[in-house]
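Last residue of the sequence shown? That's 602 in the working numbering, and every number before it is there in order.
Even for Gly, the Cβ is constructed at its ideal location relative to N, Cα and C.
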Amino acid sequence: MDKDQSVGLRESLGTCILGMRLNKFFLLLAAISWGKCFLLFFLVAMLLPGHQRPGYYPDSLMYETMANNLLAGVGLSLSTAPPYQPTMFKEPLYPLVIALFKAVFGDHINGLVLLQILVNPLIAILVYLIGNRLFEDKVARLSALLVALIPIYGDISFAVMPESFFMVLFLSAILLLLKVENTASPCGFLLAGALLGLSSLFKNILLPLAVLYPTALILKHGKSLNRQMAMSAILFLLSFSLVTMPWMWRNKEQLGLFSISVRGGALFSHQAAWAANFTSDEWKAYSLYLLWGPLAQRLYPHVIGNDLGEYEYTVLMRREYVTGLAKQHREGEVESLLVSEGLHDLIRHPFKFAALSILVELQTLKYLLPGAFLSLKSPAEAAWLLPTVRLSLILAGVLFTFLTVRGIFYCKGRLGDYWLVLVTTAYFHLVSATLGVIPGNIMRYILPVTVFYNFFIVIAVLGPKAAARESAMTNSGPLICDTESVTP
């Protein structure tokens, strides 16, 4: 095939996808997403040792233990024998979903994994719907295709983890907020608050957004804010509170903390403690460990030790210290103590904490599109990779980041229209930078907002004109490419 034929084939393929009826385009996204999920599942199953189950992590065991205890009638607990102590170590909804599936289908969760795979195309479809409200149809379609193709969004669907359901609920809440932000619809804001609340009961990271979103909305409208919009913002917060309050009140009464779950404060405390106390060798060893664990192990054996996993999940997480606190205090009280200690270390060494946060945030470069192809979770889990491969991934991540920033630059004249996406992305990266001292957690923190990067990547490739929305969209809502309107 010569060059002209190759170019013609690409143009024909592009025209076919961009001109495809919306229902057929959604079917294409579903076919790609399902194919990706099943292909990844079998590839991972073949690569893993025989005793390991694809997508089953230590956290998966925690969720299943909580579900088993719920079915046994002893409540949400991580205990495996009496007395069954209540826990808020994990959010409650995913164990509840597991328990429901076990109650219906028996003592296995294969049906749950199948359901997670079946709903996976909704991620790409929701990305299209969000993109079509913010950009032109071409940007929305190409971004959705990228999401359908990127392996990491398939990896989460066969993992026994809450991300699969969380992503769908989170993106649904974002889409609904985009639809109602200019209408001040009370029902729309009530539903958006409820969706965000349900999402938070899958993953606690969204809890501060219940206050951040209405505050940003009020500031955005400024003097033009009317009474109906102000009431709608209050209804959003009220709806979120009604969904999450019973669980948080239970935690306050039984475990001493009014929150959805613990662990975030502990991670902040670990990061602040290490920033304050790292020696020169420990700074060097940790920096090198983030790039390539075995090399750090070879050059700084007195810091890293013989086991990379032990260094990450025992040393960095100060397991002995936290276990000592847990013997004297309830889970919520331990979290409060750790947060207080973390704030004290931050106040004493703000610049060291900022330096460590920047170092941690740089790790997100390898968790973008290139790193996602290998689903890298942490240096401990990727120790088999050659340093040149890891370095290549990071450099590719730098390029990917450059394209994202370039795309945002093309949109700079209309950033006010994208405030919801930008505020959400900035918040998730702030969480990643301040709680990500354990590299294995970084991907889980920033994964939800990586879908938004695809909009700006596509715009950077297509050029600044792609940032413009169709003029008809402001009057008639999302625009589709053909004459047949299809509601998903």
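Taking the C-alpha atoms as reference points, what is the distance between residue i and residue j?
| i | j | result |
| --- | --- | --- |
| GLU475 | HIS543 | 7 Å |
| GLY370 | ARG377 | 14 Å |
| THR297 | ALA387 | 46 Å |
| ILE231 | VAL357 | 26 Å |
| TYR532 | LEU291 | 12 Å |
| GLY311 | VAL417 | 42 Å |
| SER375 | LEU321 | 10 Å |
| VAL448 | HIS458 | 15 Å |
| SER271 | GLY550 | 23 Å |
| LYS204 | TYR177 | 7 Å |
| VAL188 | TYR198 | 7 Å |
| THR515 | GLY456 | 30 Å |
| LEU228 | TRP148 | 10 Å |
| TYR414 | ALA195 | 41 Å |
| LYS293 | SER355 | 21 Å |
| PHE392 | LEU333 | 40 Å |
| GLY530 | GLY577 | 20 Å |
| GLU396 | GLY419 | 12 Å |
| VAL512 | LEU309 | 34 Å |
| LEU143 | ASN568 | 15 Å |
| TYR171 | LEU339 | 47 Å |
| THR179 | ASP173 | 10 Å |
Compute the distance between the beta-carbons of residue i and residue j, then report whether it is under 7 Å.
| i | j | result |
| --- | --- | --- |
| ILE212 | ALA181 | yes |
| GLY446 | ASN365 | yes |
| PHE316 | LEU184 | no |
| ALA287 | ALA258 | no |
| ALA389 | LYS466 | yes |
| LEU430 | ILE552 | yes |
| VAL261 | VAL572 | no |
| LEU404 | GLN342 | no |
| LEU192 | THR201 | yes |
| LEU243 | LEU190 | no |
| LEU304 | LEU349 | yes |
| PHE566 | VAL535 | yes |
| VAL274 | GLY169 | yes |
Got a sec? Which residues, its chain only, sit under 7 Å from residue i by beta carbon, not counting five neighbours each side?
| i | result |
| --- | --- |
| SER401 | LEU473 |
| LEU331 | GLU295, ALA347 |
| LEU452 | GLY379, ALA380, SER383 |
| PRO602 | Here PRO602 scores only 35 on pLDDT, less than 50, and its place in the model should not be relied on; the value that follows carries that caveat. These residues qualify, in order along the chain: PHE140, ILE239. |
| VAL563 | THR538, THR539, PHE542 |
| ILE319 | VAL545, TYR559 |
| SER313 | PHE280, LEU283, PHE284, ALA287, LEU320 |
Could you tell me if residue i is buried or exposed, where buried requires 16 or more neighbouring beta carbons within 10 angstroms of its beta carbon?
| i | result |
| --- | --- |
| GLU434 | exposed |
| SER373 | buried |
| ARG558 | buried |
| SER367 | The question names Ser, but residue 367 in the sequence shown is Glu. That one is exposed. |
| LYS337 | exposed |
| ALA540 | exposed |
| ILE560 | buried |
| CYS525 | buried |
| GLY225 | exposed |
| SER353 | buried |
| PHE279 | buried |
| ARG255 | buried |
| ASN246 | buried |
| ILE461 | exposed |
| LEU490 | In this prediction, LEU490 scores a pLDDT of 43, lower than 50, which makes its location untrustworthy; no coordinate-derived value is stated. |
| PRO209 | buried |
| ALA547 | buried |
| PRO276 | buried |
| ALA399 | buried |
Give every residue of the same chain whose Cβ lies closer than 6 Å to the Cβ of residue i, excluding the five residues on either side of it in the sequence, and list them in chain order.
| i | result |
| --- | --- |
| ALA574 | LEU517, ARG520, GLY521 |
| GLY268 | LYS150, CYS151, LEU154 |
| ILE131 | none |
| TRP361 | PRO206 |
| LEU285 | LEU240 |
Please list, in chain order, all residues of the same chain as residue i whose beta carbon is under 8 Å from its beta carbon, the five residues on each side excluded.
| i | result |
| --- | --- |
| LEU351 | GLY307, ALA324, VAL325, PRO328 |
| VAL282 | VAL233, LEU236, ILE237, LEU240 |
| HIS97 | Here the chain comprises residues numbered 115 to 602, so residue 97 is not present and cannot be evaluated. |
| TRP363 | PHE372 |
Using a Cβ-Cβ cut-off of 7 Å, state whether residue i counts as contacting chain B.
| i | result |
| --- | --- |
| ARG432 | Of the chains in the structure shown, none is chain B; there is only one protein chain. |
Problem set entry | Touch test, the segment 130 to 140 against the segment 219 to 230, Cβ-Cβ under 8 Å, three pairs minimum | Inter-segment contact for the segment 130 to 140 and the segment 219 to 230 is absent: fewer than three beta-carbon pairs are separated by less than 8 Å.
For this session: Pair every Cβ in the segment 421 to 436 with every Cβ in the segment 454 to 472, then say whether three or more of these pairs are closer than 8 Å.
Result: Three or more beta-carbon pairs separated by less than 8 Å are not found between the segment 421 to 436 and the segment 454 to 472, which leaves the two stretches without contact.
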